[in-house]
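J.: Just dropping this structure here.
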Amino acid sequence: DTGVSQDPRHKITKRGQNVTFRCDPISEHNRLYWYRQTLGQGPEFLTYFQNEAQLEKSRLLSDRFSAERPKGSFSTLEIQRTEQGDSAMYLCASSLDGLAGKQETQYFGPGTRLLVL
Amino acid sequence: GDSVTQMEGPVTLSEEAFLTINCTYTATGYPSLFWYVQYPGEGLQLLLKATKADDKGSNKGFEATYRKETTSFHLEKGSVQVSDSAVYFCAFEYSSASKIIFGSGTRLSIRP
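So the protein lines, in turn, are chains A and B. Numbering of the first sequence is given in this note's numbering, commencing with residue 509 and proceeding in unit increments. Numbering of the second sequence is given in this note's numbering, commencing with residue 21 and proceeding in unit increments.
Okay, here's the thing in structure tokens:
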């Protein structure tokens with residue numbers, strides 16, 4: 509069990525550029541989540557996948573944001589035309605949706621810190 | 021709407037002091053409750069959890085009891101160590117949903 513990994517760990521970009529982050533969940537975990545954490549705040553839910561299906565999206569996820577999990581394994585989060593307000597830590601988590609829909613613990617990755625200049 | 025309110029930090033204590041970090045939540049029904057911890061330079065880790073009323077979650081000397089009547093889940097530790105310095109997040113999750121609702125975090129600093 510290597511844990512949830514995210515790449516890159518840090519990203520600096522100029523306003524208006526597109527960025528893409530990758531998350532590799534714990535193997536065999538069928539659920540994958542994206543959160544955003546701004547300085548001094550707790551993480552806020554963005555979206556989640558059950559296998560390859562994106563089942564819920566937060567209102568925080570504007571049209572400039574898109575997430576995919578094409579084969580039900582790793583996921584990508586893309587931000588188009590970045591704005592300074594997008595600067596934050598982007599966290600990925602994964603969990604196993606167990607028997608009879610029993611919720612299991614979400615395990616978090618180290619995050620990708622984005623700075624938009 | 022759904023929310024978590026926790027003690028504002030920073031909280032600074034001396035080693036071996038008693039710790040309490042207050043947490044209350046607003047939710048419909050009976051969610052699962054959590055404390056997560058974020059050590060400097062590391063990712064979020066689950067510290068403890070409780071899934072139903074009157075349950076006590078415990079780990080690494082930390083404890084929290086699910087109080088339905090006061091919608092609270094206060095974190096306590098009898099004797100803190102320097103290594104406990106971190107940011108602590110109170111949170112909850114509905115069993116039927118997927119997202120975790122987090123508080124804003126409490127930064128804890130322990131002096132030797």
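The beta-carbon is built from N, C-alpha and C at its ideal position, and this holds for glycine as well.
Between residue 598 (chain A) and chain B, is there a C-beta pair that is closer than 9 Å?
T.: By 1-based counting over the first sequence, the position of residue 598 (chain A) is 90. Residue 598 (chain A) does not count as touching chain B.
J.: Three-state secondary structure (DSSP) at residue 515 (chain A)?
T.: Reading the first sequence from its first residue, position 7 is the one you call residue 515 (chain A). Residue 515 (chain A): strand per DSSP, three-state reduction.
J.: How is residue 103 (chain B) classed by DSSP in three states: helix, strand or coil?
T.: As a position in the second sequence, residue 103 (chain B) is number 83, starting the count at 1. The answer is helix: DSSP assigns residue 103 (chain B) an H, G or I state.
J.: Alpha carbon to alpha carbon, what distance is there between residue 129 (chain B) and residue 100 (chain B)?
T.: Position 80 of the second sequence, counting from 1, holds the residue named residue 100 (chain B). Position 109 of the second sequence, counting from 1, holds the residue named residue 129 (chain B). If I take the Cα positions, the gap works out to 10 Å.
J.: Between the Cα of residue 618 (chain A) and those of A:537, A:522 and A:600, spot the shortest distance and give me the residue it belongs to.
T.: Position 110 of the first sequence, counted from the first residue, corresponds to residue 618 (chain A). Closest option to residue 618 (chain A), Cα to Cα, is A:600.
J.: By Cβ distance below 8 Å, which residues in the same chain neighbour residue 519 (chain A) in space, the five residues on each side in sequence not counted?
T.: Taking the first residue of the first sequence as position 1, residue 519 (chain A) is located at position 11. For residue 519 (chain A), where only same-chain residues beyond five positions count, the Cβ hits under 8 Å are 527, 529, 620, 621, 622 and 623.
J.: When DSSP builds the beta bridges, which residues end up paired with residue 541 (chain A)?
T.: Position 33 of the first sequence, counted from the first residue, corresponds to residue 541 (chain A). Paired residues: A:556 and A:601.
J.: Which residue from A:525, A:578 and A:532 puts its Cα closest to that of residue 517 (chain A)?
T.: Here residue 517 (chain A) corresponds to residue number 9 of the first sequence, with the count starting at 1. Answer by Cα proximity: A:532.
J.: Applying the criterion that 16 or more other CB atoms from any shown protein chain within 10 Å of the CB defines a buried residue, is residue 107 (chain B) buried or exposed?
T.: For the purposes of this step, residue 107 (chain B) is taken as the residue at position 87 of the second sequence. It is buried - the Cβ of residue 107 (chain B) has at least 16 other Cβ atoms within 10 Å.
J.: Assuming the contact rule is C-beta atoms closer than 8 Å, residue 50 (chain B) and residue 93 (chain B) should be a hit. Round their C-beta distance to whole Å, please.
T.: What you label residue 50 (chain B) is simply residue 30 of the second sequence in a count that begins at 1. What you label residue 93 (chain B) is simply residue 73 of the second sequence in a count that begins at 1. Not really, about 12 Å apart at Cβ, beyond 8 Å.
J.: Under 9 Å, Cβ to Cβ, is there at least one residue of chain B near residue 601 (chain A)?
T.: Here the question's residue 601 (chain A) lines up with position 93 in the first sequence. At least one chain B Cβ lies under 9 Å of residue 601 (chain A).
J.: Residues of chain B with CB under 7 Å from residue 614 (chain A), in chain order?
T.: In the first sequence, residue 614 (chain A) corresponds to position 106, counting from 1. Those are 120, listed as they occur along chain B.
J.: Buried or exposed for residue 589 (chain A), going by 16 or more other Cβ atoms inside 10 Å?
T.: Taking the first sequence and counting its residues from 1, the one referred to as residue 589 (chain A) is at position 81. When all chains shown are included, residue 589 (chain A) counts as exposed.
J.: Locate the beta strand (DSSP E) running through residue 130 (chain B), then write down its first and last residues.
T.: Counted from its first residue, the second sequence places residue 130 (chain B) at position 110. That run of the beta strand (DSSP E) goes 126 to 131.
J.: Using alpha carbons as the reference points, say which of A:575, A:537, A:524 and A:548 lies closest to residue 510 (chain A).
T.: Working through the first sequence from its first residue, we reach residue 510 (chain A) at position 2. Selected option, being the one with the closest Cα: A:537.
J.: Taking the beta strand (DSSP E) that residue 54 (chain B) falls in, what are its first and last residues?
T.: For the purposes of this step, residue 54 (chain B) is identified with residue 34 of the second sequence, where counting begins at 1. Residue 54 (chain B) -> beta strand (DSSP E) spans 52 to 58.
J.: Hey, does residue 524 (chain A) have any beta-carbon neighbour from chain B nearer than 9 Å?
T.: Within the first sequence, the letter at position 16 stands for residue 524 (chain A). Answer no: the Cβ-Cβ gap between residue 524 (chain A) and chain B never drops below 9 Å.
J.: Taking 9 Å as the CB-CB cut-off, is residue 539 (chain A) touching chain B?
T.: Looking up residue 539 (chain A) in the first sequence gives position 31. True, the Cβ-Cβ gap to chain B drops below 9 Å.
J.: For residue 63 (chain B) and residue 547 (chain A), what's the separation of their Cα atoms in angstroms?
T.: Residue mapping note: residue 63 (chain B) aligns to position 43 of the second sequence, counting from 1. Residue mapping note: residue 547 (chain A) aligns to position 39 of the first sequence, counting from 1. Rounded to the nearest angstrom, the two C-alpha atoms are 14 Å apart.
J.: Let's test the definition: count the other Cβ atoms within 10 Å of the Cβ of residue 583 (chain A) and tell me whether it reaches 16, buried, or not, exposed.
T.: Residue 583 (chain A) sits at position 75 when you count from the first residue of the first sequence. Its Cβ being crowded by 16 or more others within 10 Å, residue 583 (chain A) is buried.
J.: Establish whether the CB of residue 72 (chain B) and some CB of chain A are separated by less than 9 Å.
T.: Counting from 1 along the second sequence, the entry for residue 72 (chain B) is found at position 52. With 9 Å as the cut-off, residue 72 (chain B) does not count as an interface residue toward chain A.
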